[in-house]
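Protein sequence lines, in the order shown, are assigned to chains Y and A. So for the first sequence, numbering that gives the first Met the number 0 puts the first residue at 0; every next one is plus one. So for the second sequence, numbering that gives the first Met the number 0 puts the first residue at 0; every next one is plus one.
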Amino acid sequence: MKIVNCPLNGPRNISEFVWGGEVKPMPDPAKATDREWTEYLFLEENLAGDITEWWLHAPTNYWFIARRNTITDQFLETMTYDAFLARQPLASAVIPSGEAEPAAKPVTGGGDTGATSA
Amino acid sequence: MSGHSNRIEKPGFGLLIDHTKPLSFTFDGKLFNGFNGDTIASALYGSQQVLLSRSFKYHRPRGALTMNGLDANTLVQVADEPNVRADLHPVAAGIAVKSINHLGSLQRDAFSVMDYFSRFLPVGFYYKTFFRPAGIWKYFERPIRIMAGLGTLDPRADHKYYDKAYLFTDVLVVGGGSAGLEAAIAAAETGAETLLIDENSQLGGSLLYGRVSDSREAADTLRTRLVAKARGLEKLTILTSTVVSGLFSDGWAAAIGGNRLYKIRARQTIVAAGSFDQPLVFRNNDRPGILFATAAQRLMRLYGVRPGNRAVIATSNTFGYEAALDLLDAGTEVAAVIDLGTTSGPTVDAVRSRGVRIVTGSTLVDAKGYLRVESVGVAAITGQGKTAAATDWITCDCVLISVGCSPALNLASHAGAKVIFDDAIQMHRAVSPPEGIALAGAAAGVWSPARVAAHAKATGSAAARLAAGEPGSEPPDADDPTAAAITHPYPIFKSGKGKEFIDFDEDLTIKDIINSVKDGYDDIQLVKRYSTAGLGPSQGRHANLNTIRIVGAVTGKPLAAIGTTTFRPPLVPEKFAHMAGRAFEPVRLTSMHHRHQELGAQFMTAGLWLRPAYYGSKDDAARTIDDEVRAVRTAAGLIDVSTLGGLDIRGPDAAAFIDRMYTWAYEKQPVGRARYTLMTDMSGVVIDDGVACRFAPNHYYVTATTSAVDQVYRAMTWSNVQWKMDVDVANVTAAYSAMNLAGPKARAIVQTLTTDIDFSKDAFPYMGVRTGTLAGIPVRVLRVGFVGEAGYEIHCPAGYGEALWDILMTAGKPHGLKPFGVEAQRILRLEKGHIIVGQDTDGLTNPIEAGMDWALAKKKPFYIGKRSIELQAAKGITRKLVGFAVTDSASPVPKDCHLIIRDGEIVGRVTSVVKSATLGKVIGLAYLPPTMTDAGQRFEIRVDGGAMVPAEVVPTPFYDPQNARQDI
């Protein structure tokens with residue numbers, strides 16, 4: 000059984016975790032074409048190689064980001080969502096358009112990036 | 000007792016058995032004797048019962064091959080347990096052992112005629128023979144299944160006690176032979192917590208029965224020294240009679256010991272699993288009495304059983320000569336050693352000096368005898384796989400084979416090591432094992448005793464350092480020139496006619512492998528699947544290498560280019576019972592569970608929860624449920640709804656957050672009011688419903704369905720990780736008990752209790768929510784009505800659940816209050832036309848189809864699913880959920896999921912249906928095409944058995960259409 004290094008709980012058996020799908024930015028639902036929207040819903044990259052995914056530590060209901068290689072079946076690293084955002088400033092934080100509040104708070108890359116190696 | 004004893008009464012033989020403790024057991028009903036410490040197979044062999052089984056396809060007589068549980072020849076049935084390996088299973092007084100896979104007796108198996116029909120059973124015959132004409136297979140399947148089955152399953156057999164254990168270690172060493180012992184000792188001495196696992200009851204591996212530098216004493220002395228040292232190390236834990244059956248990622252190993260499955264997490268793993276003997280392939284090489292030299296040595300040294308009176312040895316290495324010395328010491332005559340090459344050295348000299356005839360450059364080409372080998376034909380080798388005619392026939396009653404080995408690379412391969420063929424040693428080798436895996440001993444290609452010790456020690460201490468997080472060292476040198484003198488490159492000799500077996504489990508001969516290639520399956524993976532070579536219980540341990548050799552010879556490819564088939568776990572057969580273990584089935588009970596039991600509730604499962612289905616005898620279920628329904632409609636009922644999910648959502652953004660999660664609008668919801676909630680996923684599919692209660696501007700209490708609450712909670716936290724709204728979500732499902740007091744008398748009942756909540760109609764209207772105390776218990780009260788009567792859903796801290804239940808039951812007694820269960824609730828809610836998400840919706844249902852358009856906020860800029868629902872609304876829907884009633888009261892009652900048929904086509908499906916006593920008819924919900932949803936539209940439902948039941952669309956609610964009763 001694989002071990003996943005949860006940023007909150009440390010290394011735990013993978014049976015405690017739930018896969019949450021690839022990280023993919025949501026297009027603005029108010030502006031996306033029907034095709035863009037349905038592709039967002041139903042198409043995955045399904046890449047053979049390094050991918051970035053959502054994972055949940057189920058007992059503590061804690062969501063985080065994992066980078067995984069689908070060829071070697073290895074967890075490369077895990078990190079908090081904030082650490083992921085700090086690294087990928089372009090990743091959309093699912094902010095629907097036309098809504099004034101509440102905006103995502105700016106993510107500061109402090110000393111603690113929240114990243115842990117796998 | 001059958002036959003005379005075959006036991007060796009000399010020191011140095013029979014290490015595992017206790018001569019002072021004889022016992023008896025039966026084999027096929029006949030009484031046999033053995034000793035404490037014997038296996039079934041050794042006790043039978045010791046009583047001259049060499050024949051153990053019939054082969055899978057041709058029903059040929061078979062005997063022990065490895066004496067180590069590695070072949071399928073020894074499969075027997077012990078009482079109700081099928082597929083027992085007789086050479087591993089300890090014999091016990093009184094056990095009833097049966098042979099398998101024969102018609103009539105083991106000695107005279109009527110199915111053995113199959114041997115003569117082999118030309119009608121070509122390789123791949125399942126694919127070739129029964130597929131034409133169409134349907135022919137169904138006539139042949141039954142007789143084939145009867146003939147092919149191994150063992151008997153008794154469906155009434157008790158589930159015996161099996162369990163699981165979880166172990167954690169720095170270094171795991173698999174195999175307790177000299178290499179494993181040296182590695183484990185070195186690892187433990189370096190400071191690592193070390194776990195050593197061996198499949199045999201005694202540590203030592205080949206030191207238990209073999210020789211070191213010709214000397215049995217040297218092997219015994221080495222074993223005694225290593226075992227004593229290992230047993231004395233505090234950091235070294237030893238598990239014997241336990242076999243590691245799989246290695247998985249991150250140092251995870253599975254091991255089976257008796258009735259226990261071990262799941263082991265190791266920082267470093269050393270595979271020192273030794274090697275597998277390889278057969279000599281010649282005509283009738285499967286006759287009972289022909290066995291590996293190591294099997295004969297095990298019989299002699301471990302169990303004190305003489306393999307025969309007169310032996311022939313076929314070998315290509317010194318191990319065969321060592322076995323000759325053992326036979327001579329045990330008192331068996333050695334008629335000849337047939338050497339496929341020209342082995343030399345002190346061992347050969349020792350054998351020769353004891354007067355044994357040695358024939359070099361020759362092989363066995365044939366065996367006579369049926370139930371046991373009687374003589375073997377010997378011929379000179381003239382080229383690869385070629386011989387002169389047999390000129391010499393030697394009488395014998397046992398034949399020992401030692402023509403090479405294949406390292407046990409299965410486990411390393413499970414873990415991800417690559418397996419290559421090494422021409423220099425004519426054996427496979429594991430290369431680039433993944434991090435955390437190392438090999439030692441024969442599995443690593445290291446054979447000579449001195450090198451084994453040095454290499455294993457270095458491997459063990461390196462693993463210990465790596466486990467401690469210290470930098471690793473260069474892997475020790477595994478190059479051992481003596482390894483080249485062990486395995487004959489082509490011990491395969493085809494005769495003109497007859498059968499030379501490659502795979503004993505699957506009864507595959509040289510011809511079958513050649514024909515597989517000729518049929519076009521020339522890749523080793525295809526040969527395996529087409530011919531079934533290696534698919535039997537031995538998993539190719541004895542067939543894989545020879546199959547590769549034949550494919551190489553036929554295709555002209557070098558063995559290294561042919562590759563090998565993939566090793567997959569488990570290494571040895573695992574029982575379902577091992578995986579099931581103690582069969583823990585977690586159950587969640589509500590606080591009032593014991594009250595339900597006292598009231599005679601019949602329970603049903605809802606997720607992990609147990610919920611009362613109804614209160615009363617199973618024999619009188621229908622009447623009981625109707626009584627419960629009537630109590631709710633006419634007086635009052637009380638149902639335990641603690642299993643409903645509850646989520647506390649607090650914070651300045653609570654309302655805005657709920658607005659995004661659910662389809663309706665909540666920002667303007669007044670404090671003290673509940674509002675229906677409908678949740679969809681991103682694709683607009685309905686996934687949950689409930690109510691949102693606003694107890695304060697910044698505090699909502701949201702309910703969710705029993706089975707979906709965990710998903711809802713996950714969806715909320717996943718969303719807010721990204722949205723970063725100022726809100727806290729807590730799943731308080733287990734923290735609250737809840738019960739629904741419903742019926743026209745509900746208010747009168749609560750008003751008899753001391754409370755700070757004003758329950759009067761005007762002060763606490765329908766869809767109102769209040770917090771306060773009821774009979775001194777802190778409560779959250781929701782005036783909602785799933786069942787369509789005036790009622791209160793009362794939530795309290797779980798610790799008070801049983802007390803509040805008792806208080807309400809007592810207060811309700813004068814008013815005719817009855818407890819009611821899930822069955823009555825199903826009828827009550829359906830009479831009101833309320834849907835149950837997951838029953839009346841499926842994995843594709845959108846809110847418009849479910850008739851929930853009224854719960855979709857139009858002005859909100861966003862909620863999860865909004866974009867998709869709008870897209871579907873624009874596209875138009877293809878089905879709609881409607882109420883219906885069966886129009887003919889004499890019709891059978893349809894069931895959930897029965898289909899609606901029009902003009903022979905499926906046009907819809909029933910999702911819920913009940914016989915309503917209140918309404919005096921059968922009502923339900925069903926999906927129909929949008930063109931068929933007008934009230935009064937008639938349609939037909941096909942019920943069990945194919946009858947068509949007429950029904951018509953009826954507007955919902957069926958009961959109390961003005962919703963007046965819930966408002967009283």
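Here a beta-carbon is modelled for each residue, glycine too, at the ideal position from N, C-alpha and C.
Interface residues of chain Y facing MET681 of chain A [CB-CB closer than 9 angstroms]: MET25, TYR39 and LEU40
Report yes if the CB atom of PHE167 of chain A is closer than 8 angstroms to the CB atom of ARG264 of chain A, and no otherwise. Closer than 8 angstroms, so yes.
Pull up the distance between the alpha-carbon of SER361 of chain A and that of ILE380 of chain A, whole angstroms please. For SER361 of chain A and ILE380 of chain A, the distance between alpha carbons rounds to 5 angstroms.
Do the region 397-407 of chain A and the region 222-241 of chain A make contact, defined as three or more Cβ pairs closer than 8 angstroms? no
Output needed in chain order: residues of the region 857-885 of chain A with a Cβ under 8 angstroms from some Cβ in chain Y. The residues in question are PRO860, PHE861, LYS865, ARG866, SER867 and LEU870.
Please list the terminal residues of the continuous alpha helix (DSSP H) segment that includes GLU848 of chain A. First-last for GLU848 of chain A: undefined, no H or E at that position.
Residues of chain Y with CB under 9 angstroms from ARG713 of chain A, in chain order? VAL17, GLY19, LEU55, ALA57, ASN60 and TRP62
Using the C-alpha atoms, what's the distance from ALA388 of chain A back to TYR161 of chain A? 56 angstroms
Which residues in chain A have a C-beta closer than 7 angstroms to the C-beta of ILE2 of chain Y? List them in chain order. ASP249
PRO28 of chain Y versus chain A: which residues are under 7 angstroms apart at the beta carbon? The contacting residues are PHE861, LYS865 and ARG866.
Helix, strand or coil for ARG540 of chain A per DSSP? coil
If I measure Cβ to Cβ from ARG297 of chain A and keep anything under 6 angstroms in the same chain, skipping five residues before and after, which residues do I get? MET66 and TYR208
At a Cβ threshold of 8 angstroms, is THR716 of chain A touching chain Y? yes
For a contact defined as C-beta to C-beta under 8 angstroms, what are the partners of ASP49 of chain Y on chain A? For ASP49 of chain Y, there are no neighbours in chain A by C-beta distance under 8 angstroms, as the nearest C-beta there is about 17 angstroms away.
For ILE748 of chain A, report the span of its alpha helix (DSSP H) as first-last. Annotation: the continuous alpha helix (DSSP H) that includes ILE748 of chain A extends over 745-749.
Name the two residues that bound the continuous alpha helix (DSSP H) containing VAL711 of chain A. Per DSSP, the continuous alpha helix (DSSP H) segment holding VAL711 of chain A begins and ends at 708-722.
Output yes or no for whether 8 angstroms exceeds the beta carbon distance between THR317 of chain A and THR359 of chain A. no
Under 8 angstroms: do the region 937-953 of chain A and the region 808-818 of chain A share three or more Cβ pairs, one atom per stretch? no
Would you tell me roughly how many angstroms separate the C-alpha atoms of PRO10 of chain A and ASP328 of chain A, rounded to the nearest one? 10 angstroms
Backbone secondary structure at GLU52 of chain Y - three-state DSSP: If DSSP states are grouped into helix, strand and coil, GLU52 of chain Y belongs with the strands.
Which class does GLY109 of chain Y belong to by DSSP, given the choice of helix, strand or coil? Only weak support exists for where GLY109 of chain Y lies, its pLDDT of 35 falling under 50; the coordinates are left without a value.
Whole-angstrom distance between GLY354 of chain A and SER447 of chain A, CA atom to CA atom: Rounded to whole angstroms, the gap between the alpha carbons of SER447 of chain A and GLY354 of chain A is 27 angstroms.
Taking the alpha carbon of ASP647 of chain A as the reference point, which residue from A:VAL728, A:VAL631, A:HIS18 and A:THR633 has its own alpha carbon closest? A:VAL728
Does the separation of the CB atoms of VAL690 of chain A and PRO846 of chain A fall below 8 angstroms? PRO846 of chain A sits away from VAL690 of chain A, with the two beta carbons spaced by 8 angstroms or more.
Taking the alpha-carbon positions, what's the ALA762 of chain A to ILE756 of chain A distance? 9 angstroms
Taking ASP839 of chain A and THR910 of chain A to be in contact with their CB atoms under 8 angstroms, please state how far apart those CB atoms are, rounded to whole angstroms. 4 angstroms
Among A:VAL77, A:ARG428, A:GLY580 and A:PRO572, nearest to GLY982 of chain A - alpha-carbon criterion: As shown, chain A starts at 0 and ends at 967. That puts residue 982 of chain A outside it, with no answer to give.
C-alpha gap between ARG587 of chain A and LEU637 of chain A, whole angstroms: 20 angstroms
LYS1 of chain Y - DSSP class collapsed to helix/strand/coil: In the structure shown, LYS1 of chain Y adopts coil according to DSSP, grouped into three states.
DSSP three-state label for THR346 of chain A, please. helix
Bridge partners for TRP804 of chain A per DSSP, in chain order? In the DSSP assignment, TRP804 of chain A is bridged to no other residue.
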